[in-house]
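Presented below is the structure to which this report refers.
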Amino acid sequence: MKDIKALISQMTIDEKVGQLIQLSADFFGTDTELTGPAQSWGLSKEQLSTIGSCIGGKDAATIRKMQEEHLRSDRNKIPMMFMTDVIHGYRTIYPIGLGLSCSFDPELAGECTEMAAKEASAGGIHLTFAPMIDLVRDSRWGRVMESCGEDPLLAAAFGEAQVKAYQGEDISSRDHIAACVKHFAAYGAAESGRDYNSVEISERTLRQFYLPTYKACIDAGVKMLMPSFNDLNGIPSTANPFLMKQVLKDEWHYDGAVISDWGAIRELTVHGVAADLREAARMAFEQGCHIEMCSQAYYRNLGDLVRDGVIPESELDAAVQKVLELKDELGLFDDPFHSADDERGRAMYLSPSHRALARRAAEESCVLLKNDGVLPFPTDLKRVAVVGPYADNKSVIGPWSCKGKVDEAVSIAEGIRELLPDVEVLSAHGCGYLFEDLDKSGFDEAIELAKSADAVVICVGEPAHYSGEANSRATLTLPGVQTELVNAINAVNPNSAVLIFGGRPLDLTAIYDSSRAMLEMWFPGSEGGRAAADLLFGKANPCGKLTMSFPKGVGQCPIYYNRMLSGRPNYKPDGVWQAFANGYLDCGSRPLFFFGEGLSYTSFEYESMTLDAHELTEDDKITVTVRLKNTGDRDGKEVVQLYMHDKVSSAVRPVQELLAFKKVFLKAGESADVQFEIKEPALRFWNAQNQLISEAGEFELFVGYADHRYICDEFTLVK
Ligand code: NOJ
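If you're matching positions, the sequence shown starts at 0 in numbering that gives the first Met the number 0 and goes up one per residue.
In C-alpha cells:
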C-alpha cells in the first residue's frame, strides 16, 4: 500500500489538479515534442507531466512507452491510469449489449466480460467505461445497442455480473481491470429518443425503474461511476445535487471515483447552467465529480478556485486521494504497466477458445422471431443463396467495438460455406443498407439467384453507424429499399429465412407477412457468420428472448412491457383499436414482438405452477415450482420467466413485472421442476410519497412472457 496522504502532502496545487484531468492519447508524444492537441490547449511539457489519466492508447507497447515517458517527467512519479471503452469485447468481439441480454444469461455475460478484461489488460488498459446499464424504452435512441433493454431486474443482473467479471477479486491482477458504471442517471430516457436530449421524469419512475441498475453495480463494488450527459428535470447530471449527493452519496453511500463524460463539465456552460468554465468546474467538483474527461474546466480553473478560497484545499486533496487510491488498488505504484504485454495479448486475441466463447454468446443472443416451418434448413441441399447487404458483409461486429476489426469477423456467407463445404453457397447483395441506397438494379441478380436455390438466407438491417452514440433515428424501418428486396425474394422462394442485423429493435411490420422465418441477429460479433450458420442449419437451437419490445411503427415509441395499467386498457388479444381504449387507430396497442418472446426449434410445455403457500408474511417466503417439459424432438434451452402484478395498491402499478427468470436446458422429451422463491422485498415499490414500501394485498403471478400468460396463480401479502 502506498502512503497516499504523504504523497499528496508533497504535491503542489497544480500537480493535484493534474491528477483530476483525463486527456486523450493524442496529447501525449512519446518523445520530447508536444503533440498538436497539447499545443492547442496551451499545455506545457511540465503541465502534461502532471496529468492523471489518459483515454485510449493503441496497444500495450505504445501505452508502456507513454507511461515510461510520463514517469520520467513527473516529479512525483505517479503513474497514469489508462482507460477506454471496452464495451462488448476488446479485440475478440461478442454480441452488443442488447443482443447479449437476450441470452437471459448473466453468467454467460460474465464469461464474455472476463475474456474482455483479460484481453484489455494485456493491451495496457486499466479501466473500462462499462457496464453501460441505462434502462431503455425507445428504440429511436441509438444507444439502446449498448444497454440490456427495458427491464430493471434483468439489466441489474447483467450489470452486477459484468462488474464482478471485469474486476474479479483483485483489480491489480493482470487478468482484471476496473469498471465504470454509466451513465448516471436515466440517460436512456432521452426525450423522443434523441441522444443528449433532456430527461423529464418523476422521482417515483426514476427510482422504480431507472436507478436500480446503477445501484446493482455499486453494490457489486464498481470502482468508478460516470454521470450522464443529459439534464434530469432541468439539472445536468454532472452537477445534479439530487443525483450526485442525495442519491449517490447520502442514500447509497457510494465511495468510489467519479469521472465526467467526455466534455460534460464544459457542457454545463452550453446547457446554460454555468456562466463560464470556472463556474462549471466549481459546480461539477462540488457535486463530487473527481475527474474531468477531455475538457478544460478543471485544468484552467480548479487550481485558482482553491487558491481563491472558493474550494477548500482539503476537498481537492480528498478528490486526489480517491484517484490515487484507485491507482494503488490497480497496483500501479508497484507495476505501472499492470502487466501490459502485447505478446500475451496476441496469444489471446481471437484465439480458438475466445472465438468459441464469442460464437456461443452469439448463438444464445439471436432471437428467432418467426418460424413457419422453414428453419432449421436441412443440410443436404444443393444450392444456398445468401442475399442482401449483409450477405458477404463482415461488418457484423457493430458499434463500440474497441480494437475489434471488421476483417477478422466471419460473414454470413463465409459461415455457411464453412459449415457446409459440399453445398454451393452463392451470394448477391441486391441493394445497399443506407437511407440513400435507393438503387434497385441489383434486385434481378438476387431474385434470379433466390429462384435457383434450395434455400435462401436474406441478410438485411441497418449499418453499424446507425446506432451507438449520437445515432438516433426518427424512422425504424429497414433503410433504403431493403423491405422491397425482402418481399421480392420471399415471393419467389418461400424457403427463405430473413436475418436482421442492427443495434435496435427495427420496425419489421412491412416484411412480417411475407416472411416465413425471421431471425434477429443484432450485431453478433466476430463469430457472427458461424453462429448464424449453426442456427440456420440446426447445429444450434435458438434460445434468445427479446429484452426490448419491437414496435409496429415508430409512433408506438416509447413502448415497453412494464407499462402502467391504464384505466382503459386494450385487452383485445390482437391489440387492434377499440373505441375509447388505450391504443392507436392505425396499429393497435401491442408491439410486433414482445419482451420475453423468442422461439426455439423444439417446443416447451408449462405443465404446472405450484405455490407451497398462498400467503406471504414479511419474514417468510413462497416457493414457486414450475413444471416444464420439452415436448419437441430436439434438445433446447428455455427461459422460464416469472411475472407478477400487484392487483390493488395505493398508486398505479405496471401491468406486469418480471419477478425472476431461469434459463434451463432440457433434452428432447425431458421434464424439470424450476423453482423460484418470492420474498417480501421483491414486492416493494415506490409509492406516491417516494417511499419504498410493500402493501398488503393480492398479487397475480404468471409464467409466460410479456402479455402472454401460460399459467397463472395468485397469492396474498399479509402484514
Ligand atoms: C462519451 C460516451 O457517452 C461515454 O459512454 C464514453 O465512455 C465516453 N464518451 C468515452 O469514450
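All C-beta atoms, glycine included, are put in the ideal place defined by N, C-alpha and C.
All values reported here derive from a predicted model rather than from experimental measurement.
Partner residues in the beta bridge of C53, as assigned by DSSP, are L22 and F81. Residues of the same chain with a CB within less than 8 Å of the CB of F579, apart from the 5 flanking positions on each side, are R567 in chain order. Distance from the CA atom of V319 to the CA atom of E14, rounded to whole angstroms, is 10 Å. Assignment of beta-bridge partners to Y642 by DSSP yields L657 and F701.
In this model, E285 and M225 are separated by some 15 Å (Cα to Cα). Checking the DSSP bridge columns, you'll see V385 partnered with S426 and V456. About 7 Å separates the beta carbons of V180 and I217, which is inside the 8 Å limit, making them a contact pair. Taking each of N370, K326, I396 and L323 in turn and checking the Cα distance to R354, the smallest one comes out for I396. If you look at F500, you'll find it isn't in any alpha helix (DSSP H); it sits in the beta strand (DSSP E) that goes S495 to F500.
One alpha carbon belongs to L329, the other to G17, and they sit about 19 Å apart. Inclusion of M79 and S52 in the CB contact set at 8 Å is warranted, their separation being smaller than that value. In terms of CA proximity to F522, I92 leads the group I92, K1 and V625.
In the three-state DSSP reduction, M131 falls in the strand class (E or B). Residue pairing of C179 in beta bridges, as defined by DSSP: M223. Contact annotation, F660 with V638: C-beta distance approximately 6 Å; criterion of less than 8 Å satisfied. Closest in alpha carbon position to G524, among S410, M643 and H289, is S410. Out of R515, A108, K76 and F664, the CA that lies nearest to the CA of M10 is found in K76. A straight line joining the alpha-carbon of L99 with that of G537 spans about 20 Å. With a threshold of 7 Å, the Cβ atom of H182 counts as near the ligand NOJ, since some heavy atom of the ligand is closer than that. Residue burial annotation: Q688 is exposed, with fewer than 16 other C-beta atoms found within 10 angstroms of its C-beta. With 16 or more other Cβ atoms from the protein chains shown falling within 10 Å of its own Cβ, T61 counts as buried. Residues lining the ligand NOJ by the Cβ criterion, that is a Cβ closer than 5 Å to any of its heavy atoms, are D84, F128, D260 and W261 in chain order. Inter-residue distance for H69 and H337 is about 15 Å (C-alpha atoms, whole angstroms). Given a length threshold of 4 residues, each whole run of the alpha helix (DSSP H) inside the segment 331 to 367 is given here in chain order: 341 to 347 and 351 to 364. Residue range F603 to L610 is occupied by the beta strand (DSSP E) that includes S607. Listed in chain order, the alpha helix (DSSP H) runs fully inside the segment 143 to 201 are 151 to 166, counting runs of at least 4 residues. Taking the C-beta atoms as reference points, L657 is found no nearer than 8 Å to L682.
L267 is the residue among F208, L267 and D254 whose C-alpha sits nearest the C-alpha of T237. Contact between the segment 374 to 386 and the segment 448 to 459 is established, with three or more Cβ pairs separated by less than 8 Å. Looking at the backbone, the Cα of S350 and that of A160 are separated by about 23 Å. The beta carbon of N470 lies closer than 6 Å to those of G141 in the same chain, with the five residues before and after it left out. Inclusion of A164 and T83 in the CB contact set at 8 Å is not warranted, their separation being larger than that value.
Comparing alpha carbon positions, the residue from A412, P462, D443 and K636 closest to V456 is A412.
Taking C-alpha positions only, V322 is separated from K222 by approximately 10 Å. DSSP, read as helix, strand or coil, puts I258 in strand. DSSP places N75 in the coil class of the three-state scheme, outside both helix and strand.
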